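A short worksheet on the structure shown next.
Numbering (UniProt numbering), first residue to last: 1 to 895.
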């Protein structure tokens, strides 16, 4: 955003400018025609709405009668409708919003045009360029300098020298007297052509400037644009130039294409809701975070719009709030971003990565709003529409260039043909020509002589100006006339003219070839910096560091993080909730605070509450009413309304909870129930197994235990989980496990089961079944860890690169361990029962036929650190491990 745009945003408030205008019709009603900007005096005639009605004349006086136009401009509504709308229109059209024709704002266009005027291949001081541009731009040197620096930092149209700032660190550029710039070869190639550029007077009518530059490239999408005007904003994100050219070619070839932003700061990008860059679309941009060791993270690329300084500030704020735990941060950014984050002892790197995305600027939402000026008014388009417009305009401009070149060639052909006739026929020596009384008689005679020649055809009709040029030929030129050289010149013109005619006829193919040439000359190595991926949603309450402790004062009835001499309940954060069960059968969920009174009722259970937790099951036996029957039930608490009191009993007065247990994995215990002594009652003691009770909602009454009075209930035996194993899926798009059925099904995991991860480089490790765990990019294998499974691995050993085979069973390891041993190269692996190896020989042994090896017979099962057995003494070029599984096994070669 330039200085002038910041001025406009500050003058009229951020809210009015950031929100944008809701639809094009409402914008059209508020903007004048373009002539109103040039002739403000005509505005008093009124502003027509979309129905053609004169809205200015609708202004009424205090008594309800219409005001005449002359009086209207003296009222506040009149001034608003004229002066303010004039200014708003001017800011939108001439300052803040880019134009669709060349993708530039006026200040950017004027900067480039000024540089073009004194372009000589040499670098020029930025201060000099700014001064030159002030002849065209009426808003001072600050806005010009800002616009020039921003263009230079994009690295597309301007070659720079000196300190131009750093988009990674946010450092500003040096003063204009210290830095230099010139137009890049690419800019000279695609942005200028004086012969087809339409000009208009400058703001003070002392010079001329381009209406728009003849840009033959989707410049607006390549550079991106951001601007804030009065009540309107535009935000178009930068794209990869090579991808833009390829998409333009696809469009001209009537093929489909997709375009997504590519940011200069790199990072990761989720485009699921991009909506082609239209209003209402959304992007999520993330920093790339890598692990370096057990307690160190490195941020190697930044989200769009953030610098290392702003990112570090947001991390420190999250650390101060206790949302993440950070020991130290070092900014080691040079040409590439590198922010090193040291973690304290015992802090999980996986959880910290999630915390960085949840609580800091490592993840930012982006809202595209492709607003451009087209036909003198703002309009909202999609990215595909902008690219198609650019491609169509490039076709039109290239055709215009070719047509102008055709005119130039025709001029040259006619001039050369007439010159040859004039000299060879010696018309200049003929008596009527020599005796001509004036120029008119001489030209008439030349025309008469030429038209009298038989079979003479010109590429275009002869004009009087063509004949006048013959009178300017000097005698020395006539004496030096060479027929062969002249014919060769005419032949070259005719060949070029023929090619130009062909290109005009096949203008689409010519444009496609033009785009291909731009790719080859300027963008052949232009690789995408931002990786397109999909993000999983991170819940803040799940990843926030539990920096607080929840305590409960049973005597006083208080709970919170600042309770002195209270009993410890759980680790928590101030974003968490707590769940409290009372003896009367009610419970509530409330925010964890420093100190909170719980209402004075007897508390039987208090804990940190986890939303949507279906694994924690509550086992309850309660009495319904003061003297009623007793019931048993099992339930979980998933949804809730904070601070609303719920009842787990039948809600009769005098109800009471007789037995309660909270089971984090759905355990079902057996209890012994003792009844009060009553006449003719024989069985006073019996047992109840909670595993026989179905898990239902908390509002269910439950099953009848007894109608008699219960004296006491004691725990007889703890039970196992009745929920069974937990079904786990692995989503390759986001490299996370989940329990929601997304991705590849890994199986049903029991308590204590772990996940085996095998990386592409041959390292393996095991990890817990936790949604917060981050997996390596494109892992080779992710499955349930089975210590009894036998694996077969092929690797090449050390400097010799001899192939070896070994078989082993994996052990539980939390840290990465090499399957092939250190300094060896992993080739392939399989968990099939009877795999077969196919060896293809190369080099001096390439004449040998392929060889098959039965892996089971070749080598025995040993430890994972064993060396194994060499496969062959010959030179092996290729190794293929074929999994031949038995009928009850799943075939999987792991390659």
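A virtual CB, placed ideally from N, CA and C, is assigned to each residue, including glycine. All values reported here derive from a predicted model rather than from experimental measurement.
In summary, residue 217 is buried, with 16 or more beta-carbon neighbours lying within 10 Å of its beta-carbon over all protein chains present. Pairing residue 761 with residue 781, the inter-Cα distance amounts to about 11 Å. Ranking 110, 646 and 623 by CA distance to the CA of residue 191 puts 110 first.
Taking the Cα of residue 659 as reference, the smallest distance to any Cα among 695, 258, 583 and 642 is reached at 583. Residue 828 is positioned such that its CB atom lies closer than 7 Å to that of residue 794. Residue 492: member of the alpha helix (DSSP H) spanning 483-505, first to last residue. The Cβ atoms of residue 286 and residue 411 lie no closer than 7 Å to each other.
The alpha-carbon of residue 137 is positioned some 13 Å away from that of residue 211. Look at the segment 668-731 and you find these whole runs of beta strand (DSSP E), each 3 residues long or longer: 670-675, 685-689, 703-706, 710-717 and 726-731. Annotation for residue 826: no alpha helix (DSSP H) segment contains it, though the beta strand (DSSP E) segment containing it runs 825-830. Collapsing the DSSP output to three states places residue 206 in coil. Under the Cβ criterion (8 Å, minimum of three pairs), the segment 504-521 does not count as touching the segment 221-234. Of the candidates 185, 403 and 676, 185 places its Cα closest to the Cα of residue 115. Bridge partners of residue 635 according to DSSP: 618 and 696.
The beta-carbon separation of residue 318 and residue 324, rounded to 5 Å, stays under the 8 Å limit for a contact.
By the criterion of a C-beta distance shorter than 6 Å, residue 105 is surrounded in its chain by 98, once the five residues flanking it on both sides are discounted. As the crow flies, the alpha-carbon of residue 365 is around 18 Å from that of residue 299. Listed in chain order, the alpha helix (DSSP H) runs fully inside the segment 293-371 are 308-320 and 349-359, counting runs of at least 4 residues. In the structure shown, residue 185 adopts helical secondary structure according to DSSP, grouped into three states. In this chain, the beta strand (DSSP E) harbouring residue 809 covers 802-809.
In the DSSP secondary-structure assignment, residue 160 is bridged to 181. Distance from the CA of residue 521 to the CA of residue 505, rounded to the nearest whole angstrom, comes to 25 Å. Judged by beta-carbon spacing, residue 630 lies beyond the 7 Å limit of residue 652, meaning their Cβ atoms are not closer than that value. Restricting attention to 258, 558 and 474, the CA atom closest to the CA of residue 598 is found in 558. Rounded to the nearest whole angstrom, the C-alpha separation of residue 636 and residue 831 is 40 Å. Taking all protein chains shown into account, residue 239 has 16 or more neighbouring C-beta atoms within 10 Å of its C-beta and is therefore buried.
A straight line joining the alpha-carbon of residue 724 with that of residue 748 spans about 8 Å.
Residue environment: residue 100 is assigned as buried (16 or more neighbouring CB atoms within 10 Å of its CB, all protein chains considered). In this structure, residue 730 and residue 765 do not form a Cβ contact; the two beta carbons are roughly 15 Å apart against a cut-off of 8 Å.
A Cβ-Cβ contact shorter than 7 Å links residue 404 with residue 195.
Between the beta-carbon of residue 771 and that of residue 737 there is about 6 Å, and that keeps the pair under the 8 Å contact cut. Counting along the chain, residue 605 sits inside no alpha helix (DSSP H); it lies in the beta strand (DSSP E) bounded by residues 603-609. Listed as beta-bridge partners of residue 559 by DSSP are 552 and 596.
Excluding sequence positions up to five before and after residue 291, its CB lies within less than 7 Å of the CB of 297 and 349, all in the same chain and listed in chain order. Contact annotation, residue 606 with residue 702: C-beta distance approximately 22 Å; criterion of less than 8 Å not satisfied. Within a 10 Å sphere around the beta-carbon of residue 511 sit 16 or more other beta-carbons, which makes this residue buried.
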